[in-house]
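Encoded as structure tokens, the structure appears first; notes follow it.
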Amino acid sequence: MKKIITYFIALVWLVNGLYCKILNFVPRHQEIVARILGGEYAFMITKLIGVLEVVMVFWILSRFKSRLNAITQITIILLMNVIEFSLAADLLLFGYKNIVFAVLFSALIYYNEFILKGKNV
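The working numbering numbers the first residue of the sequence shown as 104 and each following residue consecutively.
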């Protein structure tokens, strides 16, 4: 079960990084970056965020310093969603409900790393 959840978490980062941002199949992500950081460099910053999300995939799958990784993921997800919620809620896929999905995804990461770790599931 832990491996399946780990692969699911990595897949979420991969889809958001590669598909949505690097390949720009979801232009709304660049619009969000433009709203928050300004339009001049939104294209490049969005690509950089996408690359960093793909790097996160490799970090997750490597299991290197997995607790630090989980804390980093949770921090990034919650911080990013609070900023987006505050400055670009109208551009979010689920609007104000996005924060609910962010909290649930963060809870899954926490559960996978801090509750399931060490259990034979």
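Positions of the beta carbon are idealized from the N, C-alpha and C atoms, including for glycine.
{"Query": "Assuming glutamate 143 contacts leucine 194 (C-beta within less than 8 Å), just tell me the rounded distance between them.", "Result": "The Cβ separation is near 18 Å, so there is no contact."}
{"Query": "Of all the alpha helix (DSSP H) runs that stay within the bounds of the segment 114-202, which reach a length of 4 or more residues?", "Result": "131-140, 145-165 and 169-190"}
{"Query": "Cα separation between alanine 173 and tyrosine 110?", "Result": "14 Å"}
{"Query": "How long is the line joining the alpha carbons of lysine 124 and alanine 145, rounded to whole angstroms?", "Result": "11 Å"}
{"Query": "What do you get for glycine 120, buried or exposed, if any count of 16 or more other CB atoms within 10 angstroms of its CB means buried?", "Result": "buried"}
{"Query": "Which same chain residues end up closer than 6 Å to tryptophan 162 when comparing Cβ atoms and leaving out the 5 residues on each side of it in sequence?", "Result": "Asn172"}
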